[in-house]
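Heads up, the thing below is written out as structure tokens.
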Amino acid sequence: MAQLVGADDIESPIMELSEIRRSIRSSFRRHTSSSRSISGLSSTQNDHEVDDEHLSQWAAVERLPTLERLRSSLFDENEGGKRVVDVTKLDAVERHMFIDKLIKHIENDNLRLLQKFRKRLDKVGVKLPTVEVRYQNVRVEAECEVVYGKPLPTLWNSLKSMLFDCAKLLSLKSQETKISILNDASGIIKPGRMTLLLGPPGCGKTTLLKALSGNLSKSLEVTGDISYNGYKLEEFVPQKTSAYISQNDLHIPEMTVRETLDFSSHCQGVRSRADIMTEVSRREKEARIVPDPDLDTYMKGRVKGN
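As numbered in UniProt numbering, the sequence shown has no gaps in its residue numbers, which increase by one up to the final residue, 306.
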């Protein structure tokens with residue numbers, strides 16, 4: 001016959017199971033916390049070792065002469081460490097891998113790189129050079145020869161054109177007139193701003209841009225004042241500061257657009273980048289600031305035209 005089970009007999013194994021669960025949970029928590037503390041200590045020790053190695057390597061870079069220091073930086077190795085390299089001697093594969101690591105996502109990483117670049121300059125108080133263009137009462141005129149009979153291909157216009165050509169052969173003085181392309185144009189182009197120039201065709205937009213960049217034809221008569229940071233166009237070489245790019249920009253068919261732009265940038269030279277990098281390196285050395293290795297490699301590579 002079956003026996004009835006009392007309430008006390010049921011509660012006792014349930015209490016034992018709950019005690020076992022609590023003990024297992026507490027032991028698991030202790031084990032987890034201890035493993036976390038051990039892993040945290042080991043990761044902290046590894047970080048300290050990496051930082052110490054990084055600082056010692058950067059100290060070796062700072063002990064180099066100035067010109068050699070401007071082309072030396074810390075470069076990632078395949079094993080995960082870093083080594084002091086001459087950025088001008090990196091081969092194409094190393095440069096390609098470095099850029100791929102630095103810029104994985106075009107939009108986000110480009111912005112992040114520019115922000116790091118600006119933050120590094122601001123940290124040592126170095127400002128990028130800016131150019132303010134001022135033009136006042138700019139007037140451009142062209143001398144044109146009056147041609148008869150050219151507008152419409154009629155018999156009478158053709159006859160007048162033939163007579164006019166015969167007159168030129170007889171050394172008769174041709175009639176000339178002046179056409180005003182720009183008339184008293186004035187304005188200021190502030191640094192760090194993108195200026196949009198709007199106007200109907202034939203109003204002189206191209207002439208104004210060429211005048212501001214110093215690329216006007218010598219046959220045109222230009223009056224007025226054009227200055228870059230207070231310096232007139234005759235006092236410096238404007239082609240090293242500005243450039244006019246036509247809508248019909250011809251490229252070499254054997255080169256891609258990227259190769260053409262790279263070649264053009266190499267021909268332009270490093271300009272002020274070398275001076276900026278020299279000043280940044282000097283101030284960081286005085287303030288004992290260790291820059292980001294990847295950013296330092298990128299900036300020094302740009303100075304040397306890599």
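Yeah, the Cβ is synthetic: ideal placement off N, Cα and C, and Gly gets one too.
For residue i, which residues does DSSP report across the bridge?
i: ALA142; result: ILE179
i: SER242; result: In DSSP, SER242 forms no bridge with anything.
i: GLY187; result: TYR135
i: ILE226; result: TYR135
i: SER231; result: One point to set straight first is that residue 231 is Tyr, not Ser, in the sequence displayed. DSSP, once it has assigned bridges, lists TYR228 as partnering TYR231.
Hey, how far is the Cα of residue i from the Cα of residue j?
i: LEU250; j: THR256; result: 12 Å
i: GLU77; j: LYS240; result: 38 Å
i: ALA60; j: ILE252; result: 45 Å
i: ARG120; j: LYS127; result: 10 Å
i: ARG302; j: PRO201; result: 39 Å
i: GLU53; j: VAL85; result: 15 Å
i: VAL133; j: LEU208; result: 12 Å
i: TYR228; j: SER265; result: 22 Å
i: ILE226; j: LYS190; result: 14 Å
i: TYR244; j: PRO293; result: 36 Å
i: GLY230; j: ARG71; result: 34 Å
i: PRO238; j: MET299; result: 25 Å
Under a Cβ-count criterion, where at least 16 other Cβ atoms within 10 Å of its own Cβ denotes burial, should residue i be classed as buried or exposed?
i: ARG65; result: One detail in the question is off: residue 65 reads as Pro in this sequence, not Arg. PRO65 should be labelled exposed.
i: VAL140; result: buried
i: ILE276; result: buried
i: MET97; result: exposed
i: ASP296; result: buried
i: VAL93; result: exposed
i: SER73; result: buried
Specify the secondary structure class of residue i as computed by DSSP and reduced to three states.
i: GLU221; result: strand
i: residue 309; result: An answer regarding residue 309 cannot be provided, because it is not within the stretch 1 to 306 covered by the chain.
i: VAL280; result: helix
i: PHE28; result: At PHE28, the pLDDT of 41 sits below 50, so the modelled position is not reliable; the number obtained from the coordinates is stated separately. PHE28 falls in the helix class under three-state DSSP.
i: GLY236; result: Checking the displayed sequence, the identity of residue 236 turns out to be Phe instead of Gly. Coil.
i: ILE252; result: coil
i: ASP76; result: strand
i: CYS203; result: coil
i: LYS56; result: The question names Lys, but residue 56 is Ser in the sequence shown. Looking at SER56 - three-state DSSP - the assignment turns out to be helix.
i: ASP91; result: coil
i: HIS105; result: coil
i: SER272; result: coil
i: GLN157; result: Contrary to the premise, residue 157 reads as Asn rather than Gln in this sequence. Looking at ASN157 - three-state DSSP - the assignment turns out to be helix.
i: ARG112; result: helix
Considering only the alpha carbon of each residue, which of the options lies closest to residue i?
i: LYS123; options: ARG71, THR297 and ARG288; result: ARG288
i: ALA142; options: LYS178, GLN115, THR223 and GLU234; result: LYS178
i: THR223; options: PRO238, ASN157, HIS105 and ASN183; result: ASN183
i: ASN248; options: THR206, LYS160 and PHE236; result: THR206
i: PHE236; options: GLU254, SER213 and SER246; result: SER213
i: GLU286; options: ILE181, GLN57, GLU62 and LEU70; result: GLU62
i: LYS232; options: THR154, GLY204, TYR135 and LYS300; result: TYR135
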